[in-house]
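Read left to right, the sequence shown gives residues 58 to 343 (the numbering used here).
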Amino acid sequence: MSRVAYVNGLYVVHADAGVHVEDRGYQFGDGVYEVCEVRAGRMVDERRHMERLVRSLRELRIRLPMPLHALGVVLRETVRRNRVRDGFVYLQVTRGVARRDHYFPVPEVPPSVVVTARRVDAAKNEALAIEGVAVITVPENRWDRVDIKTVGLLPNVLAKQAAREAGAREAWFVDADGHVTEGGSTNAWIVTQDGVLRTRPAEHGILRGITRTVMFEVAEQLQLRIEERAFTVAEALAAREAFLSSATTIAMPVVRIDGQPIGGGSPGPVVRKLRELFHSVAEIAR
Ligand code: PLP
């Protein structure tokens with residue numbers, strides 16, 4: 058069975074799917090995206106992902122390409138046509154196609170919409186969570202509006218590639234004050250020696266991860282204390298546990314930072330419990 062992509066109103070063979078060379082996403086990174094987990098064929102936290110999409114579009118003054126319920130139909134249909142049981146669905150909306158010019162197109166052009174879906178090996182992810190992953194740290198060099206989920210991800214690409222080349226899974230950006238902001242595609246957390254869950258506030262400097270938001274509810278159920286306060290690399294190294302979160306990783310233990318072990322170098326009980334409970338708290342539509 059070949060994969061299928063949705064491109065501007067049509068479901069096409071993935072290998073042949075394409076957008077115009079003057080799509081503003083392609084030329085300027087002028088677009089936004091969402092990645093939603095698919096579990097047992099159903100989308101996880103669709104409502105929250107759509108809310109964030111609407112916010113990202115509003116911040117960039119790109120109009121919503123179609124009503125949200127229609128977008129939901131496209132997402133589900135793409136999942137169905139690709140027979141994804143466990144995996145994720147990717148949605149990208151750009152300002153559309155226009156003659157290359159930095160200014161917004163006048164008259165306005167329709168936004169471009171692309172949706173793809175992909176399977177993941179759930180067993181492999183679970184195995185990774187049992188082992189934990191390594192991260193490296195890199196200087197924060199992204200723009201000021203990382204709260205918008207834009208497709209302009211070059212610093213993230215370079216940071217994650219550096220991580221891979223160093224034998225790590227993720228790169229944590231560290232700001233000028235020495236505080237960890239977030240990972241290249243994940244939010245960053247520690248569990249302090251007092252058992253407090255700590256993550257940076259989402260008002261500035263990070264993307265407000267949907268998984269991060271849900272994790273607050275999971276933590277509440279586990280009666281864990283949460284503190285929204287940035288931490289330094291030294292504080293992370295002194296922590297009991299560390300982990301990262303995203304729709305594709307859920308809570309993933311971090312066992313090494315820049316080659317130094319955290320919590321004895323193996324995953325701890327808090328991240329394991331957060332991971333176990335996550336999907337009973339997340340919204341999963343019927
Ligand atoms: N931070 C960044 C930079 C990301 O790219 C992502 C996800 O792609 C996240 C955090 C986690 O967000 P979510 O939990 O919504 O997947």
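Ideal Cβ positions, reconstructed from N, Cα and C, are used throughout, including at glycine.
query, result
"If you compare alpha carbons, which of Lys-217, Ala-223, Thr-207, Pro-196 is closest to Ala-365?", "The displayed coordinates of the chain run from 58 to 343. Any statement about residue 365 would go beyond what the structure contains."
"Just to confirm the assignment: which complete beta strand (DSSP E) runs, minimum length 3, are found wholly within the segment 129-215?", "144-151, 169-176, 190-196"
"Among Gln-250, Gln-278, Glu-239, Ala-291, which one has its Cα closest to the Cα of Arg-257?", "Glu-239"
"Note down the Cα distance separating Asp-251 from Val-290, rounded to an integer number of angstroms.", "17 angstroms"
"Compare the beta carbon distance of Thr-173 and Val-146 with 9 angstroms and say whether it is the shorter of the two.", "yes"
"Candidates Val-61, Arg-81, Gly-66: which alpha carbon is nearest Ala-72's?", "Val-61"
"Spatial neighbours of Val-203 within its chain, please: CB distance less than 7 angstroms, with the 5 preceding and 5 following residues excluded, ordered by chain position.", "Gly-262, Ile-263, Leu-264"
"Name the DSSP bridge partner or partners of Asn-244?", "Ser-302"
"Using the C-alpha atoms, what's the distance from Thr-135 back to Val-141?", "9 angstroms"
"What residues sit near the ligand PLP, counting only those whose C-beta is closer than 5 angstroms to one of its heavy atoms, in chain order?", "Glu-239, Ser-242, Asn-244, Leu-264, Gly-266, Ile-267, Thr-268, Ser-303, Ala-304"
"State whether the segment 73-85 contacts the segment 152-171, with contact taken as three or more CB pairs (one from each stretch) at a distance under 8 angstroms.", "yes"
"Taking the alpha carbon of Tyr-68 as the reference point, which residue from Val-111, Pro-326, Val-131 has its own alpha carbon closest?", "Val-131"
"Can you give, in chain order, each stretch of the alpha helix (DSSP H) that sits fully within the segment 227-300 and has at least 4 residues?", "267-278, 290-294"
"Determine the contact status of Gly-320 and Arg-297, defining contact as a CB-CB distance below 9 angstroms.", "yes"
"With three or more C-beta pairs closer than 8 angstroms as the rule, is the segment 304-318 touching the segment 181-194?", "yes"
"Considering just the uninterrupted stretch of the alpha helix (DSSP H) at Glu-91, what are its terminal residues?", "No alpha helix (DSSP H) holds Glu-91; the beta strand (DSSP E) holding it covers 88-96."
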